[in-house]
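Chemist: The opening residue of the sequence shown carries number 1 in the UniProt record's numbering; numbering runs sequentially from there.
Ideal Cβ positions, reconstructed from N, Cα and C, are used throughout, including at glycine.
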Amino acid sequence: TVGSTLARFGAQVTLVQPVRPSVEPWNAVVFGLHAQRGKESVLLDLRSEQGQEVLWRLVAGAAVITMNGTDQQLDALGLNEARLNEINPRLILVQLDAWGGPRRGPKSDHLGYVDLAQAATGVLSRFGGGPE
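Encoded structure:
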């Protein structure tokens, strides 16, 4: 992930996790070992006033923020570019999504991550998969 790569190069990376997990813990163990390497973690309820206050303090002191989610998810939490830049005008914002980024398409509102995008585009078949 972007965060674990930055951590390998010496950045202090704080991973904001939801209080209620978005996936079952037994499904996230292997991914978590890889993707969360080198990161500090904080559990926040971003739907609560206290969680938002802590988040905005983190944003104020951050150099870079990476986010993965649909525009609708991020907007519902107040995590849009205008609000983030209001709190920290020097902030570098990296919004990652599996289906198009700033270019809108038929799957722009669908959740996803790199493995799904690679499978959907056929890239995985180039690396040892596919029918025999």
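When we look at the beta-carbon of A82 and count the other beta-carbons within 10 Å, is it buried (16 or more) or exposed?
Modeler: exposed
Chemist: Pick out whichever of D75, S125 and T70 has its Cα sitting closest to the Cα of G105.
Modeler: Looking at the Cα atoms, T70 is the closest of the given residues.
Chemist: Between D45 and V19, what straight-line distance do the alpha-carbon atoms span, to the nearest angstrom?
Modeler: 6 Å
Chemist: Starting from the C-beta of residue 138, find all residues in its chain whose C-beta is less than 8 Å away, skip the five residues before and the five after it, and write them out in chain order.
Modeler: Lying outside 1 to 132, the shown extent of the chain, residue 138 is not represented and no answer is given.
Chemist: How many Å lie between A67 and T121 at the Cα?
Modeler: Checking the sequence, you will find Met at residue 67 rather than Ala. So the alpha carbons of these two residues sit roughly 22 Å apart.
Chemist: Quick one: what does DSSP say Q17 is sitting in, helix, strand or coil?
Modeler: In the three-state reduction of the DSSP assignment, Q17 falls in the strand class.
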